[in-house]
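What follows is a single structure, written as structure tokens, with notes after it.
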Amino acid sequence: GIQVEQSPPDLILQEGANSTLRCNFSDSVNNLQWFHQNPWGQLINLFYIPSGTKQNGRLSATTVATERYSLLYISSSQTTDSGVYFCAVTENDMRFGAGTRLTVKP
Amino acid sequence: DTGVSQDPRHKITKRGQNVTFRCDPISEHNRLYWYRQTLGQGPEFLTYFQNEAQLEKSRLLSDRFSAERPKGSFSTLEIQRTEQGDSAMYLCASSLQRDTEAFFGQGTRLTVV
């Protein structure tokens, strides 16, 4: 099956810093999503982005499907951005990476 | 529409007992996925349905696990003879079709004692 790798596994930032999270995948996919998992365990949709670039406030994402990677950018990070970020790709079923745990310190 | 709904939110059971979880997808969503997540790990794929048809089942899913979606609407996930290793968060997601955005429920946290 398709392999999904996320980097870095852990990231610690000061409030106000910018960050880039990466998702690599091993084969062609039909779609790609980024999620943020809240402290109660629910996965919150950030972006549905099979290709191209999207922006939502301080967050933006870019997927280059031909090169099999996606990037999630967080600008001017806030403590509320802390948590685990997952990318998930769909070929036939939907598969997740191991996540990036982001800690934003005040 | 209130999104994907999972019931119960929490379940504590004794080893050896059977448990059943329910997932109600977003109305008219044809695809329904089940995942298991343990602490510090990403969600692991268990199985998925296209309408009432179960199209794929992970090798992680032992014979003690079974899932159904009898009318193409809600789904159930049953674990027979639970073991301590089954303790995890069980997540359900739905999407309109394969190539559309998926949405998750709040999960069912299972603790086997």
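Note that the protein sequences, when read in sequence, are chains H and L.
Note that the numbering used here has the first sequence beginning at 13, numbered continuously upward.
Note that the numbering used here has the second sequence beginning at 183, numbered continuously upward.
Idealized CB from N, CA, C, for every residue including glycine.
- Counting the other CB atoms within 10 Å of its CB gives Asn-43 (chain H) a total of 16 or more, which places it among the buried residues.
- Nearest to Cys-274 (chain L) by C-alpha distance, out of L:Leu-292, L:Gly-287 and L:Glu-234, is L:Gly-287.
- Judged by beta-carbon spacing, Thr-258 (chain L) lies beyond the 8 Å limit of Arg-291 (chain L), meaning their Cβ atoms are not closer than that value.
- With 16 or more other Cβ atoms from the protein chains shown falling within 10 Å of its own Cβ, Pro-207 (chain L) counts as buried.
- Distance check between Leu-114 (chain H) and each of H:Ile-24, H:Phe-98, H:Ser-19 and H:Ser-88 places H:Ile-24 closest, using alpha-carbon atoms only.
- Assigned with DSSP and collapsed to three states, Thr-220 (chain L) falls in coil, not helix or strand.
- According to the DSSP assignment, Asn-57 (chain H) belongs to the beta strand (DSSP E) that extends over 55-60.
- The Cβ of Tyr-272 (chain L) sits no closer than 8 Å to any Cβ of chain H.
- Taken through DSSP and simplified to helix, strand or coil, Glu-210 (chain L) comes out as coil.
- Between Gly-224 (chain L) and Ala-29 (chain H) a beta carbon distance of about 25 Å is seen, past the 8 Å cut, so the two are scored as non-contacting.
- No Cβ of chain H is located within less than 8 Å of the beta carbon of Gly-198 (chain L).
- Taking CB atoms only, Glu-210 (chain L) has no neighbour in chain H less than 8 Å away.
- Using beta-carbon distances, Arg-280 (chain L) counts as an interface residue toward chain H, with a partner under 8 Å.
- Of all C-beta pairs linking the region 93-113 of chain H to the region 258-270 of chain L, fewer than three are shorter than 8 Å, placing the two stretches out of contact.
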